[in-house]
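Notes to accompany the following structure.
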Ligand SMILES: [Zn+2]
C-alpha cells in the first residue's frame, strides 16, 4: 500500500510511496519525517505519514518518465544525424522493424537518412550489416528542450 506522502523541500506534494520505500529514504537521509503516526514506530523511526525531501528536486526531472516518444523528438535527440552513415537524416528508422513487432519507443527508433532506411528495410542492423553508430537512449527533458 502506498501509504506515505512524499513532499518536496518546499512542501509541495510529489507522490506516494510505500512505508518501506519511505523508510529507505529516511535511512539514506534523502528525506526526513514531516508528519508521523502518533505512537507507532517502524524500526528506529516513527511511522511516517509524510516525508519531506532534504533537498529540493525539480519534479519534472526526478519523477517523470521523461518526454513521450515522437518522430520529431527522435530527430531532435539524434540531431538529425543518420545512425548508420552519419549523414543528414530526415526519416525515423525502427531498429527492430515495425513489421516484426518493433514499437515506437525511444530505444527502438533512431534518426536515419532516406538511403540507409531504404537499404536496411525490414532487417535488424545486424542482419543488414549496418551497425549503429550510437545506441538510442531515452532522452531527458533537456535533450529535447530549446532546439
Ligand atoms: Zn544514412
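Residue numbers (the working numbering): 174 to 320. Quick reminder that beta carbons are idealized off the backbone N, C-alpha and C, glycines included.
- The straight-line gap separating the alpha-carbon atoms of residue 250 and residue 216 is approximately 46 Å.
- Per DSSP, reduced to three states, the secondary structure at residue 176 is coil, with no helix or strand assignment.
- For residue 184, the three-state secondary structure derived from DSSP is coil.
- Ordered along the chain, residues surrounding ligand 1 are 255, 257, 258, 260, 285, 286, 288, 289 [Cβ under 6 Å from any heavy atom].
- For a cut-off of 8 Å, the C-beta gap from residue 241 to residue 253 is around 20 Å, too long to register as a contact.
- Here residue 256 is buried, its C-beta having at least 16 other C-beta atoms within 10 Å.
- Here residue 266 is buried, its C-beta having at least 16 other C-beta atoms within 10 Å.
- Counting only residues of its own chain and dropping the five nearest sequence neighbours on each side, residue 176 has a CB closer than 6 Å to the CB of 192.
- Each residue's CA atom was taken as its position, placing residue 294 and residue 270 some 8 Å apart.
- The beta carbon of residue 224 lies closer than 7 Å to those of 177, 179, 195, 198, 199, 204, 205, 206, 207 in the same chain, with the five residues before and after it left out.
- Close CB contacts of residue 228 within its chain, under the 8 Å cut and outside five residues either way in sequence, are with 182, 203 (chain order).
- Rounded to the nearest angstrom, the Cβ distance from residue 298 to residue 305 is 5 Å, consistent with a contact under 8 Å.
- Per the C-alpha coordinates, the member of 245, 280, 273 positioned closest to residue 264 is 245.
- When C-alpha distances from residue 282 are compared across 302, 308, 214, the shortest belongs to 308.
- Distance from the CA of residue 278 to the CA of residue 219, rounded to the nearest whole angstrom, comes to 43 Å.
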